[in-house]
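Residue numbers (full-length UniProt numbering): 1 to 526. Step one of this worksheet: look at the structure below.
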């Protein structure tokens, strides 16, 4: 025997209410929940029944109906869907290149929504806010749909919506925009399970932008937003729970995408426009290395700036750096580079770094290399690796960072027999780049720090702006570029100063005066 109510959830709620009305579970009887009285077991209590019961093996029962998808809250921090399955289907047309997908992660109040919207608008992508989608669904369905009513309870506590729901909502957004060239997904993934599920069901993102912000700043922003907007998940209890959930989930997410070489970290404690400029530069350089993005916006377009600073045409710089890939055997590579001079050249915009690199090449015969030029050269060279890279970019996928280092290493090994040294221009831009370079190639012999004061660099760039007409050579933008440069460079300088290989060059004087200092530093190398 079984009982199948038309609305199981409502039936359970009525049963619980009945228990409360009775004064607690200790007052519940075996027939409390029966809707009608059962007849006596024996019709005449004075006589024993002489009717034989039907043999059990002859009795036929109606097959139980399949269990339908139901939702329930299993604990204070979880909601499950009893079906447990996510429908698998293609969301993108397999005959067309997959749109680029950028995830934007960060704590609640880190500015993900603002930066995602601006980035999508700038690059012509579609912005998808997971939080906004869920909030809209709650507004429309929480009062009429049991599933969304339960999700509303979860979110109001500052907890995460079920991954099945989130993935299905994302899929629907992708399907609704089949002609999009790219998507910026704000607030996803929120835990490592969502990352795994997305990869299994849809694919790997092209880039993950991490907006790092202090807990104190996050709390201040959320409290201010709560007073202004009154969002249900910005109440005091929910804020504490959301911050705690974020701290617990973040390490695994970051490590997962770091291991894939997909994550780019930005300091989100800064002014909004400054963060946006840095993000645009990263997206331009990482997703559009062949210059197909919105290049004119990026003030520090690290894929194209070096050959311009050298004062030579881009095609000349590219032609000089097309090399045939050589053996990647670590022993052979280490042997060829063990006596080579490797010089990192670091300097801010307007420091004159490009001019000094050009003079170093002329006087010392060093090989000048930049990762941006190498990548473009490889693609246009027609080599097997160049074709592979071209195919990767045509599919809208991210060129792995390890591949970039491999190209840099191969270019160095190819010149190892004839080169007197290597100038690695504008590298490293962060500590991790330097560490990876040393692991895969060799430690640097010297770091030339072309140091000009901020006032000097501003004046030089403004002067250049008078003739170049570059939109990023205005004073406000220049100062933001310099702020970004100093924040990124200081840890790099500190790392190599501790090893005693930094030579600071005073770049305030004339080109000749500066080069005299550079020459003295290089001449001192053994």
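Where is the CB? At the ideal position from N, CA and C, for every residue including glycine.
Sort out for me which residues DSSP pairs residue 485 with in a bridge.
Partner(s): none; residue 485 has no beta bridge.
On the criterion of 16 or more Cβ atoms from any shown chain inside 10 Å, does residue 510 qualify as buried, or is it exposed?
With fewer than 16 other Cβ atoms within 10 Å, it is exposed.
Quick check on residue 273: buried or exposed, where buried means 16 or more other Cβ atoms within 10 Å of its Cβ?
When all chains shown are included, residue 273 counts as exposed.
Starting from residue 103, trace the beta strand (DSSP E) in both directions and tell me its first and last residue.
Note, residue 103: beta strand (DSSP E), 100-106.
Within 10 angstroms of its Cβ, does residue 74 collect 16 or more other Cβ (buried), or is it exposed?
For residue 74, the predicted structure reports a pLDDT of 40, less than 50, and the residue's modelled location is therefore unreliable. The matter cannot be settled from this model.
Which whole-angstrom value is the C-beta distance of residue 342 and residue 424, which I expect to be below 8 Å?
Right, the Cβ-Cβ distance comes to about 7 Å (below 8 Å), so this counts as a contact.
Count the C-beta pairs between the segment 240-255 and the segment 447-456 that are closer than 8 Å, then say yes if the count reaches three, no if not.
Result no; under three Cβ-Cβ pairs closer than 8 Å.
Just to confirm, are residue 202 and residue 352 a CB contact at a threshold of 8 Å?
No, these two residues do not count as a Cβ contact at 8 Å.
According to DSSP, residue 425 sits in a beta bridge with which residue or residues?
Residue 425 is bridged to 345.
Given a cut-off of 8 Å, decide if residue 212 and residue 267 are closer than it, judged by their beta-carbon atoms.
It is a contact, given that the beta carbons lie within the stated cut-off.
Which two residues bound the contiguous alpha helix (DSSP H) that contains residue 445?
Where residue 445 is concerned, there is no enclosing alpha helix (DSSP H), given that its DSSP letter is neither H nor E.
For residue 97, count neighbouring C-beta atoms within 10 Å of its own C-beta (all shown protein chains included) and say buried if the count is 16 or more, exposed if not.
It is exposed - the Cβ of residue 97 has fewer than 16 other Cβ atoms within 10 Å.
With DSSP run on the structure shown, which of helix, strand or coil describes residue 474?
The answer is coil: DSSP assigns residue 474 none of H, G, I, E or B.
Using the three-state DSSP reduction, which class does residue 202 fall into: helix, strand or coil?
In this structure, residue 202 counts as coil in the three-state DSSP scheme.
Give the range of the alpha helix (DSSP H) segment to which residue 368 is assigned.
Residue 368 -> not in any alpha helix (DSSP H); beta strand (DSSP E) instead, spanning 367-369.
Can you check DSSP and say which residues form a bridge with residue 263?
For residue 263, which the question treats as bridged, DSSP gives the partners 208.
Which residues in the same chain as residue 263 place their Cβ atom closer than 7 Å to its Cβ, once the five residues preceding and following it in sequence are excluded?
Counting only Cβ-Cβ distances below 7 Å, and skipping sequence neighbours, we find 208, 210, 254, 257.
Give the straight-line distance between the Cα atoms of residue 205 and residue 131, rounded to the nearest whole angstrom.
Cα-Cα distance, rounded: 19 Å.
Can you check whether the CB of residue 337 is closer than 8 Å to the CB of residue 441?
It is a contact, given that the beta carbons lie within the stated cut-off.
Is residue 312 helix, strand or coil when you go by DSSP?
Unreliable placement is indicated for residue 312, whose pLDDT of 35 sits below 50; the coordinate value is still reported in the next sentence. Correct three-state label for residue 312: coil.
Check the DSSP bridge columns for residue 506 and list the partner residues they point to.
Note: residue 506 sits in a beta bridge opposite 451.
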